[in-house]
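Top to bottom, those sequences are chains A and B. When we follow the working numbering, the leftmost residue of the first sequence carries the number 2, and every step to the right adds one. When we follow the working numbering, the leftmost residue of the second sequence carries the number 2, and every step to the right adds one. All C-beta atoms in this analysis are idealised placements derived from N, C-alpha and C, irrespective of residue type, glycine included. Just so it is clear, the structure is predicted and the values come from calculations on it, not from any experiment.
Protein chains: 2
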Amino acid sequence: MISESDILDCFQHLVKDVSDDVILVGSGDDAAVVKAQEKDLVHSLDISKVGTHFPEDSPAEDIAYRSVAVALSDLAAMGAYPSFISIGLTANITEISWYKNFTKGIEKILNEYQIKLIGGDVTFGEINICVNVFGYPYDKIITRSGAKINDSVFLTGPLGKGRKGLMDWKTNKKSSYVSTFFNPIAQFINSEKIVKYATSCIDISDGLVKDLGSICKLSGAGADINVDMIKITHDIDDVCYGDDYVLCFTCNKKHDDLAEEQGFIKIGFITDKVGKVEFKKN
Amino acid sequence: MISESDILDCFQHLVKDVSDDVILVGSGDDAAVVKAQEKDLVHSLDISKVGTHFPEDSPAEDIAYRSVAVALSDLAAMGAYPSFISIGLTANITEISWYKNFTKGIEKILNEYQIKLIGGDVTFGEINICVNVFGYPYDKIITRSGAKINDSVFLTGPLGKGRKGLMDWKTNKKSSYVSTFFNPIAQFINSEKIVKYATSCIDISDGLVKDLGSICKLSGAGADINVDMIKITHDIDDVCYGDDYVLCFTCNKKHDDLAEEQGFIKIGFITDKVGKVEFKKN
Chain A
2 MISESDILDC FQHLVKDVSD DVILVGSGDD AAVVKAQEKD LVHSLDISKV
52 GTHFPEDSPA EDIAYRSVAV ALSDLAAMGA YPSFISIGLT ANITEISWYK
102 NFTKGIEKIL NEYQIKLIGG DVTFGEINIC VNVFGYPYDK IITRSGAKIN
152 DSVFLTGPLG KGRKGLMDWK TNKKSSYVST FFNPIAQFIN SEKIVKYATS
202 CIDISDGLVK DLGSICKLSG AGADINVDMI KITHDIDDVC YGDDYVLCFT
252 CNKKHDDLAE EQGFIKIGFI TDKVGKVEFK KN
Chain B
2 MISESDILDC FQHLVKDVSD DVILVGSGDD AAVVKAQEKD LVHSLDISKV
52 GTHFPEDSPA EDIAYRSVAV ALSDLAAMGA YPSFISIGLT ANITEISWYK
102 NFTKGIEKIL NEYQIKLIGG DVTFGEINIC VNVFGYPYDK IITRSGAKIN
152 DSVFLTGPLG KGRKGLMDWK TNKKSSYVST FFNPIAQFIN SEKIVKYATS
202 CIDISDGLVK DLGSICKLSG AGADINVDMI KITHDIDDVC YGDDYVLCFT
252 CNKKHDDLAE EQGFIKIGFI TDKVGKVEFK KN
């Protein structure tokens with residue numbers, strides 16, 4: 002039987018030299034200490050469960066990577082860049098190789114986003130990964146509640162790639178979409194591009210219908226969406242499905258040209274029909 | 002079947018008015034935003050699992066309270082006071098009353114420590130509570146690694162109360178110890194008292210033997226402990242058992258009188274026998 006300490010050893014190389022000008026005390030003590038910054042701190046957490054958020058037989062490295070990526074995506078949706086994370090890992094796996102592969106996935110994403118793991122906790126039980134992400138605003142924070150009537154609604158990319166990836170993986174089909182599902186990209190590059198002019202923003206984790214609904218609800222507004230403008234990958238259900246992690250944002254019409262130059266796709270506009278998101282075809 | 006949204010509704014009253022001069026954006030958005038502070042941020046997380054950290058049939062209110070209390074205890078052990086928390090709750094309970102009782106426990110501890118809940122995530126599965134705690138140093142941070150040879154070793158209270166409480170609860174015995182198990186007190190008052198002179202500190206969550214061992218290991222030292230000086234509640238096994246959340250700290254001998262005046266119990270001293278914690282009887 003492996004012990005909690007054996008599992009912690011797998012993470013050791015990721016946290017041992019974490020101290021720098023931001024992280025004063027990393028893992029190994031009762032708590033981590035983050036140096037006072039002049040910027041506001043942005044924090045979110047996401048629980049990922051195998052069986053719910055991943056197929057049961059997902060590779061440990063992908064489970065780790067995706068758990069962190071989807072949590073980071075929430076920072077991008079706020080107009081914040083990532084700085085550090087902490088992880089609460091529950092798992093009932095008895096092979097140490099699983100944990101080694103898990104930490105490979107963590108290491109991969111720490112390197113890709115140049116962020117640090119500052120602490121965590123491990124315990125035994127049904128696989129459950131609670132990822133805490135921390136970052137700082139690029140400029141102003143973009144909330145869900147700032148959409149104004151007549152604002153344009155944009156997507157930063159097509160919908161359905163994650164869904165297609167999961168379908169392909171389940172049917173053993175090798176396709177580039179599979180890595181889109183397991184290794185989604187948190188859209189910090191796009192977040193930084195829109196931060197100065199977006200009035201509201203959300204990442205598409207639960208599907209456009211629900212997520213844009215959240216912007217409308219919190220902004221006290223509605224939206225008219227032209228379905229034909231949405232780039233879909235598989236079929237129309239892509240509009241309801243999540244797992245994409247592209248950003249949906251709103252902005253004043255005067256920024257339409259800039260947003261389109263930046264490669265974003267205008268799909269509709271904000272209305273005064275509070276709470277109503279209407280999808281229309283040409 | 003209750004939905005994720007039904008569960009989130011139970012938490013709504015705890016997070017709706019959270020915004021103030023520290024918390025700029027509370028729950029309900031992609032992330033929470035904490036105003037830049039002049040103090041370093043101290044962060045820890047703890048996973049509590051029913052079956053591992055609680056008996057299966059523990060009341061929801063107590064599960065909630067204890068999950069947060071044991072996480073807060075890590076801040077006390079660092080010489081930090083608590084400011085806000087976030088919670089990742091996984092549960093497979095289908096009665097909404099369970100979640101209402103859970104939030105009662107959260108509300109109780111938020112009020113007692115005057116802290117805020119700034120966000121979280123909920124999902125379905127085996128009960129698993131990941132509590133993230135955040136605070137700021139009273140003065141300097143007290144790490145586990147600062148113990149010096151010949152420093153005195155102190156405990157801030159007796160050992161074994163939590164263990165006795167769990168034993169009493171399991172045998173349906175009504176005693177004041179039961180609430181010590183379910184509602185442990187994170188020792189911020191003592192933390193503030195010792196922060197100026199303690200050289201190292203840890204909370205007794207895993208048992209004195211293991212926890213003092215961690216101070217010794219990280220400080221490159223050992224310890225000689227006089228078992229007769231430890232106030233035990235049930236029997237000698239209290240020394241190995243955790244769930245107490247009293248603090249074990251070290252300090253230069255010149256502060257012995259002050260520490261004893263403050264009500265703390267000297268149990269031994271730090272030695273140069275690296276990694277060796279020796280327990281002796283008179």
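| Check | Outcome |
| --- | --- |
| Assuming Ser87(A) and Leu46(B) form a contact by the criterion Cβ under 8 Å, report the distance between their Cβ atoms to the nearest whole angstrom. | 6 Å |
| Helix or strand or just coil, what does DSSP make of Tyr82(A)? | strand |
| Taking the C-alpha atoms as reference points, what is the distance between Lys149(B) and Asn253(B)? | 8 Å |
| Leu42(A) CB to nearest chain B CB: under 8 Å? | yes |
| Hey, would you say Val179(B) sits closer than 8 Å to Gly161(B), going by beta carbons? | no |
| Measuring CA to CA, which of Pro56(A), Phe12(A), Ile233(A), Met230(A) is closest to Lys105(A)? | Phe12(A) |
| Strictly below 9 Å CB to CB, what residues from chain A border Lys36(B)? | Asp41, Leu42 |
| Strictly below 7 Å CB to CB, what residues from chain A border Glu127(B)? | Gly126, Glu127 |
| Per DSSP, what kind of secondary structure is Lys162(A) in: helix, strand or coil? | helix |
| Tell me which residue opens and which closes the beta strand (DSSP E) that Asn227(A) is part of. | 223–227 |
| From the beta carbon of Leu167(B), is the nearest beta carbon of chain A less than 8 Å away? | no |
| Between the alpha carbons of Lys194(B) and Thr181(B), how many angstroms are there, rounded? | 22 Å |
| Could you tell me whether the Cβ atoms of Ile64(A) and Phe55(A) are closer together than 8 Å? | yes |
| Are the beta-carbon atoms belonging to Ser146(B) and Ser68(B) less than 8 Å from one another? | no |
| In chain order, which continuous runs of the alpha helix (DSSP H) of length 4 or greater are located wholly inside the segment 90–165 of chain B? | 97–114 |
| Taking the C-alpha atoms as reference points, what is the distance between Gly276(A) and Asn227(A)? | 17 Å |
| Listed from N- to C-terminal order along the chain, which residues in the segment 142–166 of chain B have their beta-carbon within a distance smaller than 7 Å of any beta-carbon of chain A? | Ile142, Thr144, Arg145 |
| Below 7 Å CB to CB, which residues in the same chain sit around Gly158(B) once its five sequence neighbours on both sides are set aside? | Val247 |
| Does Leu15(A) come within less than 8 Å of chain E when only Cβ atoms are used? | As a matter of chain content, chain E is missing from the structure shown, whose protein chains are A and B. |
| Nearest-angstrom Cα distance between Asn102(A) and Lys109(A)? | 11 Å |
| CB-CB under 7 Å to Leu73(A), same chain, minus the five flanking residues each way: which ones, in chain order? | Pro83, Tyr114, Val134, Ala187 |
| Can you tell me whether Thr95(B) is buried or exposed? The criterion is at least 16 other CB atoms within 10 Å of its CB, across all chains shown. | exposed |
| Quick one, which of Thr53(A), Thr200(A), Ile266(A) has its alpha-carbon nearest Asp207(A)'s? | Thr53(A) |
| Does the beta-carbon distance from Ile24(B) to Ala32(B) come in below 8 Å? | no |
| What residue from Val196(B), Asn184(B), Lys218(B) has the CA that sits closest to Asp245(B)'s CA? | Asn184(B) |
| Could you please give me the residues that DSSP links to Leu15(B) through a beta bridge? | The partner list for Leu15(B) (beta bridge, DSSP) is empty, contrary to what the question assumes. |
| Thinking C-alpha only, which one of Thr272(B), Pro138(B), Lys197(B), Cys241(B) is nearest Asp41(B)? | Pro138(B) |
| Measure from the C-beta of Leu118(A) to each C-beta in chain B and report whether the shortest distance is under 8 Å. | no |
| Asp257(A) lies in the alpha helix (DSSP H); which residues open and close that run? | 257–262 |
| Between which residues of its own chain and Ile8(B) is the CB-CB distance below 6 Å, once the five residues before and five after are set aside? | Tyr100, Val123 |
| When the Cα of Ile203(B) is compared with those of Asp238(B), Ala222(B), Leu156(B), which residue comes out closest? | Leu156(B) |
| CB Val16(A) to CB Thr144(B), shorter than 8 Å? | no |
| Per the DSSP calculation, Phe55(A) is bridged to which residue(s)? | Val51(A) |
| Nearest chain B C-beta to Ile64(A) closer than 8 Å, yes or no? | no |
| Mapping DSSP to helix, strand and coil, what is Val1(B)? | Any answer about residue 1(B) is impossible in this case: the structure gives chain B only from 2 up to 283. |
| Can you tell which of Lys197(A), Cys131(A), Asp225(A) has its C-alpha closest to the C-alpha of Phe270(A)? | Asp225(A) |
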